[in-house]
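Asks:
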Amino acid sequence: MGDWDVIVVGGGNAAFCAALAARERGASVLMLEAAPEDEAGGNSRFTAGAMRVVYNGVDDIKALVPDLSREEIDNTDFGTYTQDQFFDDMARVTQFRTDPDLCELLVTRSLDTLLWMREKGIRFVPIFGRQAFKIDGKFKFWGGLTVETVGGGPGLVDMLTASGKKQGIEIRYETRAFDLLFDGIKVSGVRVRGRDGLTDLMARAVVLASGGFEANTEWRTRYLGPGWDLAKVRGTRFNTGEGLRMALAIGASPYGNWSGCHAVGWEMNAPEFGDLAVGDQFQKHSYPFSVMINATGKRFVDEGADFRNYTYAKYGRVILEQPGKFAWQIFDAKVKHLQRDEYNIRQVTKVTANSIEELAKKLDGVNADAFVKTIAEYNAAVRKDVAFNPNIKDGKRTEGLSVPKSNWANPIDAPPYEGYAVTCGVTFTFGGLRVTRDAEVMNLDYRPIPGLYTAGEMLGGLFYFNYPGGTGLTSGSVFGRIAGNAAAAFARQS
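Just so you know, the sequence shown maps onto residues 19 to 512 in the working numbering.
1) Determine which residues share a DSSP beta bridge with lysine 80 and list them.
2) My output table needs one value for arginine 209: the three-state DSSP class, helix, strand or coil.
3) Going by DSSP, name the residue or residues bridged to valine 453.
4) Roughly how many angstroms lie between the CA atoms of isoleucine 500 and alanine 37, to the nearest whole one?
5) Are the Cβ atoms of serine 493 and cysteine 35 separated by less than 8 Å?
6) If you measure from the beta carbon of glutamate 57 to each beta carbon in chain C, is any gap under 8 Å?
7) In whole angstroms, give me the CA-to-CA distance for asparagine 397 and glycine 28.
8) Using C-beta distances below 8 Å, list every residue in its chain close to arginine 110, excluding the 5 sequence neighbours before and after it, in chain order.
9) Taking all protein chains shown into account, decide if leucine 2 is buried (16 or more other Cβ within 10 angstroms of its Cβ) or exposed.
10) Report yes if the C-beta distance between glycine 437 and valine 369 is below 8 Å; otherwise report no.
11) Decide if glutamate 260 is buried, meaning its Cβ has at least 16 other Cβ atoms within 10 Å, or exposed.
12) Between tyrosine 482 and the rest of its own chain, which residues show a CB-CB distance below 8 Å, the 5 nearest in sequence each way excluded?
13) Round the Cβ separation of valine 205 and leucine 219 to the nearest angstrom and send it over; I've been treating them as touching at under 8 Å.
14) Going by DSSP, what residues sit across from tyrosine 471 in a beta bridge?
15) Just the C-alpha distance for arginine 255 and valine 296, rounded to the nearest angstrom, thanks.
16) Going by C-alpha to C-alpha distance, which of Ser87, Thr454 and Ser512 sits closest to leucine 123?
17) Are there 16 or more other CB atoms within 10 angstroms of the CB of histidine 280, so buried, or fewer, so exposed?
18) Using only CA atoms, which one of Asn362, Gly269, Val76 and Phe151 lies nearest to methionine 460?
19) State buried or exposed for threonine 445, treating a residue as buried only when at least 16 other CB atoms are found within 10 Å of its CB.
20) For the alpha helix (DSSP H) containing proline 118, list its first residue and its last residue.
21) Between Pro144, Val168 and Gly169, which has its C-alpha nearest phenylalanine 157's C-alpha?
22) To the nearest angstrom, how far is it from the Cα of glutamate 57 to the Cα of leucine 132?
23) Quick one, are the C-beta atoms of methionine 286 and valine 404 less than 8 Å apart?
24) Note down, in chain order, each residue of its chain lying with its Cβ closer than 7 Å to the Cβ of proline 54, except the 5 sequence neighbours on either side.
25) Please list, in chain order, all residues of the same chain as methionine 19 whose beta carbon is under 7 Å from its beta carbon, the five residues on each side excluded.
26) If glycine 315 sits next to phenylalanine 64, beta carbons under 8 Å apart, how far is it from one beta carbon to the other, in whole angstroms?
27) Where do the N-terminal and C-terminal ends of the beta strand (DSSP E) with threonine 445 fall, by residue?
28) Exposed or buried, what is aspartate 77 when buried is set at 16 or more other beta-carbons lying within 10 Å of its beta-carbon?
29) Looking at methionine 310: is its Cβ nearer than 8 Å to the Cβ of alanine 345?
30) Return the CA-CA distance between phenylalanine 497 and tyrosine 333, expressed in angstroms with no decimal places.
31) When DSSP labels each residue in this structure, what does methionine 19 get in the three-state scheme?
32) Reducing DSSP to helix, strand and coil, say where valine 404 ends up.
33) Rounded to whole angstroms, what is the Cα-Cα separation between cysteine 121 and glycine 478?
34) To the nearest angstrom, report how far apart aspartate 350 and tryptophan 426 are at their CA atoms.
Structure, rendered in structure tokens:
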């Protein structure tokens, strides 16, 4: 007999969705969170709360956001984001490597899962501030990312915690799972390390949802490669890969892109780990309207290759590969109003000048002469006969440059000019565990390990090389719910 039906290892979005789903099925549930309560929630607490979801029009948005006002509906073109569009985005950004079964579950269950979360007390709002620009008096959404949780990541964790406690789920903070209790056939609990040392906690089923290894410097270097020990960590310091280590130790099958991760342009002088007071505001995601310059004074990436949602998670790696592992984003006055809120925080490495030559002298670590030449060549290469439109891939591009800018290419010619220094910020790692469609962890013989399930960042096979914005939380919710349901059903049969 187990002390609990289901133990969930982790305290973020995926863990809570697993716990809530298991509890809904009548299981007794214990959650183990390594962090103290004021840092709990894993990477979920550090996100902006955006969730990618299939919707076929405004009625689906209204179902997620019932308190949407008539004025908001009248003044907004929400468009659609169909299953086919979601499938296409997942296939394209992962270079067609995403696991088809997992991808199908993610896409087809996204709306139903968010509606289920709404029933559990999670509230959503449209992302007017970051995902829609106002054109001719009407907001237009772009890039398939339309809703976020109220209060962002911290709000999501607070709402999930309140819902969990209301449902009678026990949460133990500062309790780190140490090993799985495994007899060679099935998992029967977890060994934990708390203030009183090591303790064995028995359960009929265990769900691992404790994140990737992004906060483990040694593992980052081992799996992602040289230089990744120097990356900043966007989120929690507690995602050190312990859940993965425990599963692999009992013969779980690793799966997915273990040398890949979600990594973005991040404030160059940000601290080693995420700062809850600043949250995700260290990110610098308006780069499609900028040019990015490295230490040699040259551009190195197509800033306008696609919407931010489809390039930001891979450009952190590109920045890490530059000399000195940094870059500068350069804006002029024409696009200042398009900058996201994170450009206005106090903790920012920023320079301003009234001429390109003056700016060049202020860009620390950059070859000034080469920078001036790069801007002149870029300005001359911009197509003047195509209209600028931030809501679409407008085709306003450069011609004749070795590194093109494919969209949103405006000359840098309107002072004052601004430069923002960025480095690489790692969000989460893509390598994880192999699972069945019920989120059961599989062993090295590709058979399920009875009593063991996983969700969230620990799920391998969804993301390769890149990632469509907002898919991480949706994946955590979809597979957390699947894992919780399956774990509760297994516990009933045990």
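The beta carbon of each residue, even a glycine, is placed where N, CA and C say it ideally should be.
Please read all numbers here as calculations on a predicted model, not as lab measurements.
Replies: Walking through what the data contain:
1) DSSP lists no partner for lysine 80.
2) strand
3) Val459
4) 11 Å
5) no
6) The structure shown contains no chain C; it holds only a single protein chain.
7) 50 Å
8) Tyr328
9) Outside the modelled stretch of the chain, which goes from 19 to 512, sits residue 2, for which no answer is possible.
10) Going by C-beta atoms, glycine 437 is nearer than 8 Å to valine 369.
11) buried
12) Thr112, Gln113, Arg115, Thr116, Gly274, Asn275, Gly278 and Phe448
13) With a beta-carbon spacing of about 12 Å, valine 205 and leucine 219 fall beyond the 8 Å limit used to define contacts.
14) Val225 and Glu458
15) 15 Å
16) Thr454
17) buried
18) Gly269
19) buried
20) Residues 118-126.
21) Of the listed residues, the one whose Cα sits closest to phenylalanine 157 is Pro144.
22) Distance between the alpha carbons of glutamate 57 and leucine 132: 25 Å.
23) no
24) Tyr191 and Glu192
25) Confidence in methionine 19 is poor, its pLDDT being 39 and thus under 50, which makes the residue's placement unreliable; the coordinate value appears in the next sentence. Nothing listed; no residue qualifies.
26) Between phenylalanine 64 and glycine 315 the Cβ distance is about 33 Å, and since that is not below 8 Å, they are no contact.
27) 435-447
28) exposed
29) yes
30) 27 Å
31) Bear in mind that the predicted position of methionine 19 carries a pLDDT of just 39, short of 50, making it unreliable; the figure below should be weighed with that in mind. Residue state, collapsed to three classes: coil.
32) Annotated three-state conformation of valine 404 is coil, per DSSP.
33) 11 Å
34) Spanning the two alpha carbons is a distance of roughly 13 Å.
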